[in-house]
Every structure is written in C-alpha cells, then in structure tokens.
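Visitor:
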C-alpha cells in the first residue's frame, strides 16, 4: 500500500494513468510515493494488453492517476 494523502494504491488495484498524451490501464504490481518532486513510482502488469509490463515515474514522465478500480479521481 502507498498513499500521497489523497489517493491510496494497493497491489492488485486496477489503475488508469494519463501521461505523455496516452492512457495506460493495468493491475498494480508495486506502488511507492516519494513526495515532491518525484511523486509516484508505479509498476503495472497487464498494461493495456494481457501480459504487458509497464512502469510510471511521475517525476520523470509527468501525468497523474485518473482512476483507481474504475473510480475516477
């Protein structure tokens, strides 16, 4: 479990992340929040395609979490 004080992310959650003009939806493999300026570091499995791995470094890639388990943020 990781939280930024507003959003809590757990292993196994389904997340949708918007960054660099694309949306990625996948199952959380790991999540950490490092505070400003780094923000979130999240690893996803089954990201947009079954079997695909993806990761997101908010401080590097920009963007934000837009949905957790189908609930829009």
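Numbering (the working numbering), first residue to last: 32 to 104. Using N, Cα and C, we set each Cβ at its ideal position, and we do this for glycine too. On a predicted model such as this, the values are computed, not experimentally measured, just so you know.
1) If you measure between the beta carbons of residue 43 and residue 59, is that distance less than 8 Å?
2) If you drop the 5 nearest sequence neighbours on each side, which residues of the same chain put their C-beta closer than 8 Å to that of residue 63?
3) For residue 83 and residue 57, I'd like the C-alpha separation in whole angstroms.
4) Take residue 99 and list the residues in its own chain whose beta-carbon comes closer than 7 Å to its own, dropping the five residues that flank it on each side.
5) In whole angstroms, what is the alpha-carbon distance linking residue 54 and residue 79?
Guide: Let me lay it out:
1) yes
2) If we look at residue 63 and ignore the five residues flanking it on each side, its Cβ neighbours are 33, 71, 72 and 73.
3) In this structure, the straight-line span from the alpha carbon of residue 83 to that of residue 57 is close to 9 Å.
4) For residue 99, where only same-chain residues beyond five positions count, the Cβ hits under 7 Å are 38, 40, 44 and 46.
5) 9 Å
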